[in-house]
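In the numbering used here, the protein residues as written are -4 to 387.
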């Protein structure tokens, strides 16, 4: 049976970034398995493309560490390879005294996480940056921005193909259906999902599980006693066009004061709130510029279906009621249906979980790769590559 040195399961931004970093570190013959017909078809291209700064996450968590580390790495990659990106900055706004006190908590958290440049603004300072936003105060996060996640995926694929010694090792339409961990290697069973359906298997010295929405399922193929459980949230977006009226113009990412809520199965989820995110468009001279379309959302609802991408389920009124509190110039009729996506989270902890299996150290698991995994993708890849050093 053929033996592959390294296998990565999952071709989203995290899996692609891992392959890219491993190639840069001199590893060869890296097999990438993606079950969809294209890379990045799930969480990687169904998001608002925000480059996060790291203000929200628990100090000392892997999520905080890798988001802050990954932020400049992502900008550097995007600039080097021509991926559309923009440091827009972010305002997290308070509209009353209670929210203002909550912002102080997140200012302290941001400072503990070493978020560059974070500071608190007065009402007048907020108005100077975004005159159409109503707030009594705000946190300003200058390293927040936006990136075209679709272009990021395409560029990662192109860069990897230019380096890889085996182009055929970048495989799509390949669904992992079973894993047999053995002493020092694993046997992987795969089903081809397009064209003639067939099943095949191979051995691999190192297995890296970066399967995103399905990472917990893959982890349990390796270890039935994996202690983590998955949950899914469907996030729906609306949008509006800033050129309709001058009071709809914004230049920054605008977020409300964050909150937490409990899902029906008891899982605590931290919600950034329905926020405003500028997007890119192509100018007449072919350049990517901040466009007229602004995304509003996501509004999260729990779901049991990782393919639940319905739109129009959430009433427009729910978007409008939340946004008008800090963006008073908007009207309900400005909002239109946009897109939706599914976020995969863990029941606990609220963090990235990256580890080697204790009894099978040739397998590295990446679980809970939700937001801000896009921002952290380059740092996550470095973290995984460092984990491999004692093994290979």
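All C-beta atoms, glycine included, are put in the ideal place defined by N, C-alpha and C.
All of these numbers come straight from a predicted model, not from anything done at the bench.
Are the beta-carbon atoms belonging to residue i and residue j less than 8 Å from one another?
{"i": "residue 370", "j": "residue 69", "result": "yes"}
{"i": "residue 143", "j": "residue 358", "result": "no"}
{"i": "residue 1", "j": "residue 320", "result": "no"}
{"i": "residue 121", "j": "residue 35", "result": "no"}
{"i": "residue 176", "j": "residue 107", "result": "no"}
{"i": "residue 228", "j": "residue 341", "result": "no"}
{"i": "residue 43", "j": "residue 272", "result": "yes"}
{"i": "residue 284", "j": "residue 296", "result": "no"}
{"i": "residue 16", "j": "residue 380", "result": "yes"}
{"i": "residue 267", "j": "residue 294", "result": "no"}
{"i": "residue 317", "j": "residue 269", "result": "yes"}
{"i": "residue 174", "j": "residue 3", "result": "no"}
{"i": "residue 373", "j": "residue 65", "result": "yes"}
{"i": "residue 292", "j": "residue 194", "result": "no"}
{"i": "residue 245", "j": "residue 127", "result": "yes"}
{"i": "residue 26", "j": "residue 216", "result": "no"}
{"i": "residue 61", "j": "residue 378", "result": "yes"}
{"i": "residue 218", "j": "residue 187", "result": "no"}
{"i": "residue 123", "j": "residue 23", "result": "no"}
{"i": "residue -3", "j": "residue 197", "result": "yes"}
{"i": "residue 205", "j": "residue 13", "result": "yes"}
{"i": "residue 325", "j": "residue 9", "result": "no"}
{"i": "residue 210", "j": "residue 116", "result": "no"}
{"i": "residue 347", "j": "residue 57", "result": "yes"}
When burial is assigned at 16 or more other CB atoms within 10 Å of the CB, is residue i buried or exposed?
{"i": "residue 81", "result": "buried"}
{"i": "residue 241", "result": "exposed"}
{"i": "residue 355", "result": "buried"}
{"i": "residue 85", "result": "buried"}
{"i": "residue 280", "result": "exposed"}
{"i": "residue 30", "result": "buried"}
{"i": "residue 19", "result": "exposed"}
{"i": "residue 37", "result": "buried"}
{"i": "residue 276", "result": "exposed"}
{"i": "residue 238", "result": "exposed"}
{"i": "residue 76", "result": "exposed"}
{"i": "residue 146", "result": "buried"}
Pick helix, strand or coil for residue i, following the three-state DSSP scheme.
{"i": "residue 149", "result": "helix"}
{"i": "residue 381", "result": "helix"}
{"i": "residue 76", "result": "helix"}
{"i": "residue 44", "result": "coil"}
{"i": "residue 287", "result": "strand"}
{"i": "residue 161", "result": "coil"}
{"i": "residue 302", "result": "coil"}
{"i": "residue 276", "result": "strand"}
{"i": "residue 94", "result": "helix"}
{"i": "residue 183", "result": "strand"}
{"i": "residue 339", "result": "strand"}
{"i": "residue 292", "result": "strand"}
{"i": "residue 231", "result": "strand"}
{"i": "residue 370", "result": "helix"}
{"i": "residue 114", "result": "strand"}
{"i": "residue 297", "result": "strand"}
{"i": "residue 246", "result": "coil"}
{"i": "residue 319", "result": "coil"}
{"i": "residue 266", "result": "strand"}
{"i": "residue 50", "result": "coil"}
{"i": "residue 353", "result": "coil"}
{"i": "residue 128", "result": "coil"}
{"i": "residue 68", "result": "helix"}
{"i": "residue 282", "result": "coil"}
Let me check one thing: in DSSP terms, what residues is residue i bridge-paired to?
{"i": "residue 136", "result": "85"}
{"i": "residue 251", "result": "88"}
{"i": "residue 329", "result": "Looking at the DSSP assignment, residue 329 forms no beta bridge with any residue, so it has no partner."}
{"i": "residue 358", "result": "202"}
{"i": "residue 169", "result": "187"}
{"i": "residue -2", "result": "198"}
{"i": "residue 26", "result": "2"}
{"i": "residue 226", "result": "340"}
{"i": "residue 141", "result": "45, 81"}
{"i": "residue 313", "result": "Partner(s): none; residue 313 has no beta bridge."}
{"i": "residue 37", "result": "Answer is none; residue 37 lacks a bridge partner."}
{"i": "residue 365", "result": "None, per the DSSP bridge assignment."}
{"i": "residue 348", "result": "362"}
{"i": "residue 271", "result": "249, 291"}
Can you give the beta carbon distance from residue i to residue j, rounded, assuming they're within the 8 Å contact cut?
{"i": "residue 306", "j": "residue 335", "result": "5 Å"}
{"i": "residue 46", "j": "residue 140", "result": "4 Å"}
{"i": "residue 109", "j": "residue 50", "result": "About 11 Å separates the two Cβ atoms, so there is no contact after all."}
{"i": "residue 233", "j": "residue 333", "result": "5 Å"}
{"i": "residue 329", "j": "residue 235", "result": "4 Å"}
{"i": "residue 28", "j": "residue 171", "result": "6 Å"}
{"i": "residue 251", "j": "residue 88", "result": "6 Å"}
{"i": "residue 364", "j": "residue 207", "result": "6 Å"}
{"i": "residue 130", "j": "residue 90", "result": "6 Å"}
{"i": "residue 132", "j": "residue 118", "result": "6 Å"}
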